[in-house]
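**Student:** Before anything else, here's the structure in question.
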Amino acid sequence: MKVGVLALQGDFAEHIAVLKRLGVEGHEIRLPEHLEGVDGLIIPGGESTTLSRLMSIYSMREPIEQMARQGKVIWGTCAGMIMVAMEITEEDPVPLKIMDIGVLRNGFGRQVDSFEQDLELVDLGPTPFHGVFIRAPVITRVGREVKVMATLPDGQAVAV
């Protein structure tokens, strides 16, 4: 399996390192032609307005939208989740609108409101995943076809 990680800014190196530890072939994606032959794409965290602008500058929007239309797996973490959302509460950044979710940027609050929480990820076994929420987005709406993968103890969806 060959997985691309959008490497325009943000924590792409950390995602590549985890893929390597899992024995998955991870590739940094910076230009549309880098998407050729990848089976899936991770859009990592970072700063969503910067990521949105860089995706436009490097002509990455249409190729990623095309991947989604082809049914390839695209996963966004933090800023990446904001980018894949169908709707966000602000006008900027401009989302890709490839996952039927609504998102509120920085919905958990400012840097001082950051927290960590062990999460049980649906379908990934009993081992908890340690989630770190630093100015994290809040999922405000989940479409009918979208599966919730993890929630906080209060029921708030945090992974889809």
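Numbering (this note's numbering), first residue to last: 13 to 172. Every residue gets a Cβ at the ideal spot worked out from N, C-alpha and C, and that includes glycine. This one's a predicted model, so the numbers in the text were calculated from it and none came from an experiment.
1. What is the DSSP secondary structure of T152, reduced to helix, strand or coil?
2. Assign V85 to buried or exposed, taking buried as 16 or more other Cβ atoms, counted over all protein chains shown, within 10 Å of its Cβ.
3. Can you list, in chain order, the residues of its chain whose CB lies under 6 Å from that of L18, leaving out five sequence neighbours each side?
4. Which partner residues does V17 have in the DSSP bridge list?
5. Taking C-beta to C-beta, are V50 and I113 nearer than 8 Å?
6. Can you tell which of L34, C90 and E74 has its C-alpha closest to the C-alpha of G22?
7. Which term fits V30, buried or exposed, when burial requires 16 or more other beta carbons within 10 angstroms of its beta carbon?
8. Would you list the one or two residues that DSSP bridges to L131?
9. Taking a contact to mean a Cβ-Cβ separation below 8 Å, would you say A150 touches M111 in this structure?
10. Would you tell me roughly how many angstroms separate the C-alpha atoms of P138 and A169, rounded to the nearest one?
11. May I ask you to list the residues that DSSP assigns as paired with V85?
12. Which partner residues of V115 appear in the DSSP bridge assignment?
**Tutor:** Answer, in terms of the structure:
1. strand
2. exposed
3. I41 and I55
4. E40 and I54
5. no
6. C90
7. exposed
8. F141
9. A small correction: the amino acid at residue 150 is Val; Ala does not occupy that position in the sequence shown. No. Outside cutoff.
10. 18 Å
11. G52
12. I100 and I151
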